[in-house]
Amino acid sequence: MDLDQTFWESSLEDLKNGYIEAEDDYVCLLCGEKIEKGLVYPYETRWYQAEKYMQVHIRAAHESVFHYLVHLDKKLTGLTEHQNHLLRLFFEGKSDAEVQTELGIGSASTIRNHRFSLKEKERQAKIFLTLMELLKENNLQGPAILPLPKTAKNVDERFNVTETEAEKIIQKFFPNGINGLLKAFPPKEKARWVVLREIVKRLDPKQKYNEKELNEVLKSAFDDYVLIRRYLIEYEFIDRKPDGSAYWVKN
Numbered sequence: 695m696d697l698d699q700t701f702w703e704s705s706l707e708d709l710k711n712g713y714i715e716a717e718d719d720y721v722c723l724l725c726g727e728k729i730e731k732g733l734v735y736p737y738e739t740r741w742y743q744a745e746k747y748m749q750v751h752i753r754a755a756h757e758s759v760f761h762y763l764v765h766l767d768k769k770l771t772g773l774t775e776h777q778n779h780l781l782r783l784f785f786e787g788k789s790d791a792e793v794q795t796e797l798g799i800g801s802a803s804t805i806r807n808h809r810f811s812l813k814e815k816e817r818q819a820k821i822f823l824t825l826m827e828l829l830k831e832n833n834l835q836g837p838a839i840l841p842l843p844k845t846a847k848n849v850d851e852r853f854n855v856t857e858t859e860a861e862k863i864i865q866k867f868f869p870n871g872i873n874g875l876l877k878a879f880p881p882k883e884k885a886r887w888v889v890l891r892e893i894v895k896r897l898d899p900k901q902k903y904n905e906k907e908l909n910e911v912l913k914s915a916f917d918d919y920v921l922i923r924r925y926l927i928e929y930e931f932i933d934r935k936p937d938g939s940a941y942w943v944k945n
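Structure (structure tokens):
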């Protein structure tokens, strides 16, 4: 399952919940954790059925769906830092006077104006979403763009790749299939992103790797595994501890 694609294609209701229901399990849209149906799971002093345990997982691992989403990069949320801060304070249930005191700006009426501006942004977003849904239904021949990675901090032109372009890149650089060796490391940004997007799928998103373990996996993709490791970090597919003692897939 392509977690980024599933995330961006999920309904508003599923995004609010933070998970989707699959045939055999519930899948966390925030990290990919799967909770198998038909089982009960312990947490602290209680036992939970699968769907309820998924809700427990989201609270324990992500605090809440709100907190996860509000900490996404501003190029993904469309929020300024000021709007982001206001939303977090409003979510905490702060009154206008409390928000004004904490931010040290204007007056309580100024904060009410900010609330109104956010409501206006919500109305605009609903209209825009409706327009995009109608466009997708009517424009069946339009090119499908690869979904943006949620972990991206620098959303730029390299991510503007259609599914058709990606398939051509994969065929060119993985002549023996996506599980085979990389023919060469692409010189162009878009192609690099597509290639790295495939290579990172060889890593277990639930596992933390030491450098030797990571290198062994990357050797299956390219002889110069150090180069691949460096670009996986640079393109924000994986993260690591400052001392390099552990590496993991970013979710």
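Mind the numbering: the sequence shown is residues 695 to 945 in the working numbering, read in order. Every residue gets a Cβ at the ideal spot worked out from N, C-alpha and C, and that includes glycine.
query                                                                                                                                                        : result
Does the distance from the C-beta atom of residue 942 to that of residue 932 stay below 8 Å?                                                                 : yes
Span of the alpha helix (DSSP H) holding residue 728?                                                                                                        : No alpha helix (DSSP H) holds residue 728; the beta strand (DSSP E) holding it covers 728-730.
Compute the Euclidean distance between the alpha carbons of residue 888 and residue 742, then round it to the nearest angstrom.                              : 40 Å
Please state the DSSP three-state secondary structure of residue 850.                                                                                        : coil
Hey, how far is the Cα of residue 793 from the Cα of residue 938?                                                                                            : 41 Å
Since residue 893 contacts residue 922 with CB under 8 Å, what's their CB separation in whole angstroms?                                                     : 6 Å
Around the Cβ of residue 838, are there at least 16 other Cβ atoms within 10 angstroms (buried) or fewer (exposed)?                                          : exposed
If residue 698 and residue 842 are in contact, beta carbons under 8 Å, what's the gap, nearest whole angstrom?                                               : 7 Å
If you reduce the DSSP assignment to three classes, tell me which class residue 790 lands in.                                                                : helix
Name the two residues that bound the continuous beta strand (DSSP E) containing residue 714.                                                                 : 713-715
Where in the segment 738-773 do unbroken runs of the beta strand (DSSP E), each at least 3 residues long, occur, reported from the N-terminal end onward?    : 740-743
Per the contact definition of three or more C-beta pairs closer than 8 Å, is the segment 745-754 in contact with the segment 772-782?                        : no
Would you call residue 900 buried or exposed, if buried means 16 or more other Cβ atoms sit within 10 Å of its Cβ?                                           : exposed
Figure out for me which residue from 902, 897, 873 and 868 has the closest Cα to the Cα of residue 886.                                                      : 868
On the DSSP bridge list, what partners appear for residue 736?                                                                                               : 741
Given a cut-off of 8 Å on the beta-carbon distance, is the pair residue 916 and residue 875 in contact?                                                      : yes
What does the Cβ neighbour count give for residue 729, buried or exposed, with the cut at 16 atoms within 10 Å?                                              : buried
Assuming residue 722 and residue 712 form a contact by the criterion Cβ under 8 Å, report the distance between their Cβ atoms to the nearest whole angstrom. : 6 Å
Which class does residue 799 belong to by DSSP, given the choice of helix, strand or coil?                                                                   : coil
Give me the residue from 929, 800, 807 and 896 with the minimum Cα distance to residue 853.                                                                  : 929
Measuring alpha carbon to alpha carbon, tell me which residue in 897, 717, 734 and 758 is nearest residue 724.                                               : 758
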